[in-house]
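First residue of the sequence shown? That's 705 in our numbering, and the numbers climb one at a time after it. C-beta atoms are modelled at their ideal positions from N, C-alpha and C, and glycine is treated no differently. Bear in mind the structure is a predicted one, so any value in this text is a computation, not a measurement. Note sheet for the following structure.
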Amino acid sequence: MVEAPVSAVDDVTERVRAHYQTYAAEELQRLAKDRYAQIEFEVTWHLIRQVLPPRARVLDAGSGPGRYAVALAGEGHCVTLLDLSPHCLELAAEWARLAGVADRIEDLVEGDVRDLSRWPDASFDAVLLLGPLYHLLRARDRARCVEEVRRVLKPGGPVVASAINRFTPVRLALRYWPEQIFAPELRQALIAGAAPAVPGSAWTDAAYLRPAQVQRLFERHGFRTRVLAAAEGFAAFMEDAVNRLSDAEWSAWLQLIIETCTDPALLGATAHLLYVGYRAA
Numbered sequence: 705m706v707e708a709p710v711s712a713v714d715d716v717t718e719r720v721r722a723h724y725q726t727y728a729a730e731e732l733q734r735l736a737k738d739r740y741a742q743i744e745f746e747v748t749w750h751l752i753r754q755v756l757p758p759r760a761r762v763l764d765a766g767s768g769p770g771r772y773a774v775a776l777a778g779e780g781h782c783v784t785l786l787d788l789s790p791h792c793l794e795l796a797a798e799w800a801r802l803a804g805v806a807d808r809i810e811d812l813v814e815g816d817v818r819d820l821s822r823w824p825d826a827s828f829d830a831v832l833l834l835g836p837l838y839h840l841l842r843a844r845d846r847a848r849c850v851e852e853v854r855r856v857l858k859p860g861g862p863v864v865a866s867a868i869n870r871f872t873p874v875r876l877a878l879r880y881w882p883e884q885i886f887a888p889e890l891r892q893a894l895i896a897g898a899a900p901a902v903p904g905s906a907w908t909d910a911a912y913l914r915p916a917q918v919q920r921l922f923e924r925h926g927f928r929t930r931v932l933a934a935a936e937g938f939a940a941f942m943e944d945a946v947n948r949l950s951d952a953e954w955s956a957w958l959q960l961i962i963e964t965c966t967d968p969a970l971l972g973a974t975a976h977l978l979y980v981g982y983r984a985a
């Protein structure tokens, strides 16, 4: 594992790094712990597979413990992982070894998505950005991240990115922690679109964006939009109902969620938004 230079190490970056150092194992299980959690993975994976060329060289920027990277390697792609958390990268390396795909993990790099100077221009066939936009609170940092992704991506290459929707924190608070209505951080997240975590919660500093913001962010920095999608589709925040489904019901409902995930009516109502675009020439 190689450490890349970091353009700016600030308090937010250190808190985000510390969060994922602490919760790396939980993050590895997050997209597989139950059927509701699997929806986000299945919808995202469906979109990734639609746009990736065969045997692509992929940068998984903000890889976490490698849930998508190992799946990509299993399909014959060559994957480089970049993450703030060395513990996440250690778990990804071990998981890749156990899955028998370690030979298709090109590199594991501890670093910051705002500085991809380790790689030359047009180094990758595709880039995943499934997490970093959650924690870049300032517009200029998000812009720098997308500029760097564009630079290392080959012309015409796809990016698949995710963001947390603006109303996600208040919907989660109402469902699980209604007392947070008195926390100033909650209102700050809703009004400003970025906030530190509510004290005592198992979360960290985060940005909460609107679909139009995400689309503008990429289009202003050299991308052509292919599609926006709701990662949880119409099932967002319906954990109990989803987790009660029988096997046959689960398969049928999942198929419908995937079929309808790009409906514009769903984009602002999901927990996570997905962006798919191509680097303009």
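Residue i in three-state terms, based on DSSP
| i | result |
| --- | --- |
| C965 | coil |
| A659 | The question about residue 659 has no answer here: the residues shown for the chain are numbered 705 through 985. |
| G804 | coil |
| D811 | strand |
| D787 | strand |
| L795 | helix |
| V931 | strand |
| V716 | helix |
| H976 | strand |
| A898 | strand |
| G904 | coil |
| G937 | helix |
| Y982 | strand |
| L913 | strand |
| A741 | helix |
Cβ distance (whole Å) where residue i is taken to contact residue j below 8 Å
| i | j | result |
| --- | --- | --- |
| D819 | R855 | Not quite, the Cβ-Cβ distance comes to about 11 Å (not below 8 Å), so this is no contact. |
| L913 | R875 | In fact, because the Cβ distance is near 15 Å, the residues do not count as touching under 8 Å. |
| A906 | Y727 | 7 Å |
| G861 | R983 | 5 Å |
| L690 | A865 | A question about residue 690 goes unanswered here, because the residues of the chain that appear run from 705 up to 985. |
| P873 | A985 | Wrong, their Cβ atoms sit about 38 Å apart, outside the cutoff. |
| V716 | L857 | Contact doesn't hold; Cβ gap of about 26 Å is too wide. |
Cα-Cα separation, residue i to residue j
| i | j | result |
| --- | --- | --- |
| H839 | V850 | 14 Å |
| V817 | T966 | 27 Å |
| L802 | G937 | 32 Å |
| L763 | E923 | 20 Å |
| P915 | E883 | 28 Å |
| Y880 | G897 | 20 Å |
| W957 | I868 | 23 Å |
| V918 | F927 | 11 Å |
| A847 | S821 | 16 Å |
| D714 | W954 | 43 Å |
| V980 | L894 | 25 Å |
| A760 | P888 | 45 Å |
| G904 | Q725 | 17 Å |
| W749 | H925 | 25 Å |
| A941 | E814 | Checking the sequence, you will find Phe at residue 941 rather than Ala. Rounded to whole angstroms, F941 to E814 spans 33 Å at the Cα level. |
| P836 | V853 | 11 Å |
| L756 | H976 | 21 Å |
| A729 | E794 | 10 Å |
| F828 | F745 | 22 Å |
| E718 | A877 | 25 Å |
| P968 | R920 | 16 Å |
| T964 | L971 | 11 Å |
| F886 | A741 | 28 Å |
| C792 | A952 | 34 Å |
| A1009 | E943 | Any question about residue 1009 goes unanswered here, given that the chain covers just 705 to 985. |
| T908 | H723 | 6 Å |
| I962 | Q754 | 12 Å |
| V863 | R808 | 20 Å |
| A843 | W823 | 24 Å |
| P758 | A775 | 14 Å |
| E810 | P790 | 16 Å |
| D845 | T929 | 20 Å |
| V931 | L960 | 18 Å |
Check whether residue i and residue j have beta carbons under 8 Å apart
| i | j | result |
| --- | --- | --- |
| L788 | A773 | no |
| A939 | I743 | yes |
| A736 | G770 | no |
| G778 | V805 | yes |
| V747 | A933 | yes |
| Q892 | A899 | yes |
| L812 | A830 | no |
| G768 | E731 | yes |
| L949 | R734 | no |
| A945 | L978 | no |
Worksheet entry | Whole beta strand (DSSP E) elements within the segment 751-780, 3-residue minimum | 761-765
Practice prompt. Note down, one range per segment and in chain order, each beta strand (DSSP E) of at least 3 residues found wholly within the segment 812-895.
Written response: 830-833, 862-868
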